[in-house]
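2 protein chains.
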Amino acid sequence: MNFITFTEAKLRDFTYSVFKKMGCSDAHATLAADVLIRSDLRGIDSHGVARLSGYVRLWEKKRINATPNIKIVHETPTTATVDGDGGLGLVVAPFAMQVAMEKAEKYGSGWVAVKNSNHFGIAGYHALMAVEKDMIGISMTNASPLVAPTYANERLLGTNPMCYAFPAGKYPAVIVDMATAAAANGKLEIAQRANKAIPDGWVQDANGQQSLDPNELKNGGSLLPLGSDKDHGSHKGYGLSATVDILSAVLSGANYGPWVPPFVAFLEPPTDPVGEGIGHFLGAMRVDGFRPAADFKSHLDNWIARFKSAKTVDPTKKVIVPGEPEHDFEQERKLSGIPIIDVVVNDLNELAAKLEIEGL
Amino acid sequence: MNFITFTEAKLRDFTYSVFKKMGCSDAHATLAADVLIRSDLRGIDSHGVARLSGYVRLWEKKRINATPNIKIVHETPTTATVDGDGGLGLVVAPFAMQVAMEKAEKYGSGWVAVKNSNHFGIAGYHALMAVEKDMIGISMTNASPLVAPTYANERLLGTNPMCYAFPAGKYPAVIVDMATAAAANGKLEIAQRANKAIPDGWVQDANGQQSLDPNELKNGGSLLPLGSDKDHGSHKGYGLSATVDILSAVLSGANYGPWVPPFVAFLEPPTDPVGEGIGHFLGAMRVDGFRPAADFKSHLDNWIARFKSAKTVDPTKKVIVPGEPEHDFEQERKLSGIPIIDVVVNDLNELAAKLEIEGL
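From first to last, the protein sequence lines stand for chains A and B. Letter by letter, the first sequence follows residues 1 to 360 of our numbering. Letter by letter, the second sequence follows residues 1 to 360 of our numbering.
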């Protein structure tokens with residue numbers, strides 16, 4: 001495996017050009033590129049430009065609308081449902097978060113369920129929009145079914161991530177951004193490339209038995225919920241994933257459970273949809289709706305300092321505050337660039353050739 | 001172990017009498033009894049009358065105020081902070097949920113952070129208040145520190161439960177009500193009584209090493225977050241627990257992390273508090289703030305039916321919808337009574353003698 005390092009600006013221009021070629025407006029192409037590049041900056045390589053050709057393939061199959069008319073279809077002062085019109089989740093979700101933040105600005109909090117959308121990138125991007133305004137940001141999305149609930153031998157839920165983000169004072173924001181599966185698919189892919197066994201408790205095989213084979217998903221197996229098995233609380237991971245699915249899709253009118261359309265263009269969506277597209281759920285609460293923002297931040301700083309200085313089992317492994325590693329990546333990669341693995345660079349250059357734009 | 005079965009009415013009257021003897025008002029004693037009895041009805045025996053003498057001991061030590069002046073100290077149209085005035089969480093949390101629901105009635109959603117409170121019973125009780133009004137209910141609380149974050153060798157977080165409850169149509173509500181630890185303390189106690197080893201991944205010993213001994217907490221060990229270890233996602237359980245702690249206490253002005261006062265009267269609270277009492281966080285969102293309630297309920301029924309009929313690994317173990325077992329317990333125990341283990345009955349009869357009220 002070789003990595004080639006690019007500047008943020010170079011990757012951003014390239015990504016913008018790809019979205020423009022799909023027919024996105026300037027504003028949408030700029031925003032969608034920003035979401036993907038921020039993922040790469042933050043070290044979440046699985047959700048950045050590595051996904052770009054996947055979005056294009058879905059667009060080629062007319063499963064992504066490059067010129068969506070995103071609109072509010074139902075609302076109260078602090079709640080709304082947004083119809084994404086089949087657009088990129090990368091632009092639909094920021095639209096919805098903006099609606100949530102405007103409601104929070106006026107009334108203290110705002111909550112938006114989204115239907116008829118697509119993959120929205122990293123959950124943290126959207127939650128961080130709120131943090132920049134001294135709000136608590138919440139974002140979640142459902143996803144195509146890969147996870148078997150406790151006791152099940154079929155894939156009924158996505159890796160359905162949830163994210164909570166909190167503004168701190170002198171420290172970076174606390175950002176809990178997590179898939180509700182024991183391990184997300186990206187970790188299996190790393191093991192596949194390295195030809196290595198995975199830990200027990202990540203997947204089950206097609207017969208529902210524990211497996212250490214990272215290729216099990218391709219053979220009809222399933223990912224397992226956070227907790228891995230009943231003894232270790234997999235019903236909790238399943239419950240969290242169900243919560244994300246219900247808030248994102250049953251509440252908005254999107255597809256849920258096994259009806260969620262696949263992210264990959266080579267798999268066709270179910271022919272009996274129960275809603276429109278995939279669903280998200282976004283929320284914002286003004287910190288000063290509860291106590292003065294400065295008080296909250298100074299106590300959160302105290303919380304962070306206490307956890308960072310916790311007594312550890314192994315002196316080489318410090319307790320990590322949620323969001324700290326991604327923040328450190330972002331500082332470092334803004335300075336020294338973003339390393340992209342060669343297979344992704346090749347894929348992007350093939351994409352560039354096909355779209356007749358300049359390669360990387 | 002022997003069980004004695006009591007009618008719901010008998011246990012309710014007894015519990016009411018105990019709270020009255022503490023000096024609670026009629027309304028508070030009735031409400032606090034309702035919260036505890038509902039826990040026993042729903043099969044969550046660890047959080048019902050089994051805790052009654054613990055509340056009394058805290059009151060005797062003047063760590064619970066039986067006549068609190070519970071009030072809103074900060075608010076916007078849809079957010080508020082409530083000061084519980086050191087009262088029973090069993091009455092403070094329903095007050096706060098009522099505030100959240102009134103805000104939701106007017107503006108679509110309502111969110112209340114609570115400080116200066118105590119143990120609030122089962123999270124599900126408060127979330128279900130919202131469900132009865134066709135709202136989505138959210139409730140969470142922090143708790144005295146028993147859990148070590150990933151890589152830590154000290155207890156910095158409680159078992160910090162979170163609950164999301166959703167109204168369905170023909171089926172019972174979906175209620176995800178879960179501790180964010182791999183296993184809650186109640187499960188260790190069951191293993192202690194049976195003198196049995198516990199599964200790996202529930203606790204670590206005083207040196208931070210895995211242990212199968214259910215007595216490890218008494219020896220300076222810690223509970224582990226949901227996910228158990230880093231490979232299996234313990235950083236996610238830790239992140240969820242941190243989320244509950246920050247929303248419940250950093251946002252409200254309660255104590256957080258290792259500063260949360262212990263629930264047991266024989267342990268003294270920290271002498272350097274960072275806030276007041278323990279904290280909760282409660283929320284309500286009108287379902288019809290997003291789509292017509294009938295549409296939501298019929299799709300949630302469809303979700304439930306699909307999950308209940310999922311293909312299983314073992315034909316004797318069906319996929320369980322979150323909240324289903326507790327609902328079944330409630331139906332059954334309302335008819336045939338509530339079995340209480342003899343050690344708890346003896347404890348309650350000693351309490352009755354001390355308080356000079358009629359025993360069970």
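Quick reminder that beta carbons are idealized off the backbone N, C-alpha and C, glycines included. From a predicted model like this one, the values you see are computed outputs, not experimental measurements.
DSSP three-state assignment for residue i, whether helix, strand or coil
i	result
A/ASP45	helix
A/ALA310	coil
B/GLU75	strand
A/PHE6	strand
A/ASP83	strand
B/ALA66	coil
A/TYR151	coil
A/PHE329	helix
B/SER252	coil
A/VAL321	coil
A/THR243	helix
A/ILE357	coil
B/TYR164	strand
Interface flag, residue i vs chain B, CB-CB below 8 angstroms
i	result
A/LYS334	no
A/PHE263	no
A/PRO94	no
A/ILE246	yes
A/PHE329	no
A/ALA305	no
A/ASN302	yes
A/ASP13	no
A/VAL434	Nothing can be reported for residue 434 of chain A: it is not among the residues displayed for chain A, which extend from 1 to 360.
A/PHE6	no
A/ALA182	yes
Distance, residue j Cα to residue i Cα
i	j	result
B/GLY289	A/ILE246	15 angstroms
B/ILE44	B/LEU36	10 angstroms
B/PRO161	A/ALA242	16 angstroms
B/ARG155	A/ASN302	17 angstroms
A/MET97	A/CYS163	13 angstroms
B/ILE340	A/GLU324	47 angstroms
A/GLU268	A/PRO262	7 angstroms
A/HIS28	A/THR159	26 angstroms
B/VAL91	B/ILE70	9 angstroms
B/ALA197	B/ASN346	27 angstroms
B/ALA127	B/GLN209	37 angstroms
A/GLN331	A/LYS354	34 angstroms
B/LEU52	B/VAL174	28 angstroms
A/GLU326	A/VAL176	11 angstroms
B/MET1	B/ASP342	7 angstroms
A/ASP314	A/THR79	46 angstroms
Cβ-Cβ distance between residue i and residue j below 8 angstroms
i	j	result
A/ASP40	A/ILE338	yes
B/GLY84	B/LYS115	yes
A/THR76	B/TYR107	yes
B/PHE281	B/LEU240	no
B/PRO225	B/ALA191	no
B/ASN142	B/SER248	yes
A/LYS297	A/PRO145	no
A/ALA181	A/VAL147	yes
A/ALA206	A/ASN195	no
B/VAL244	B/TRP259	no
A/ALA130	A/ALA93	no
A/GLY201	B/HIS232	yes
B/MET178	A/LYS236	yes
B/GLY86	B/ILE72	no
Interface flag, residue i vs chain A, CB-CB below 8 angstroms
i	result
B/MET285	yes
B/ASN153	yes
B/MET97	no
B/GLY289	yes
B/THR243	yes
B/LYS20	no
B/HIS299	yes
B/HIS74	yes
B/VAL313	yes
B/MET135	no
B/MET178	yes
Legend entry - Runs of beta strand (DSSP E) wholly within the region 175-227 of chain A (minimum 3 residues, chain order): Restricted to the region 175-227 of chain A, not a single beta strand (DSSP E) segment is unbroken, complete and at least 3 residues in length.
Legend entry - beta strand (DSSP E) segments (min. 3 residues) lying fully within the region 262-318 of chain A: You should have 278-286.
Inset, instruction - Quick one: which unbroken alpha helix (DSSP H) runs of 4-plus residues sit fully inside the region 106-133 of chain A? Chain order, please. - result: Complete alpha helix (DSSP H) runs here, min 4: 123-131.
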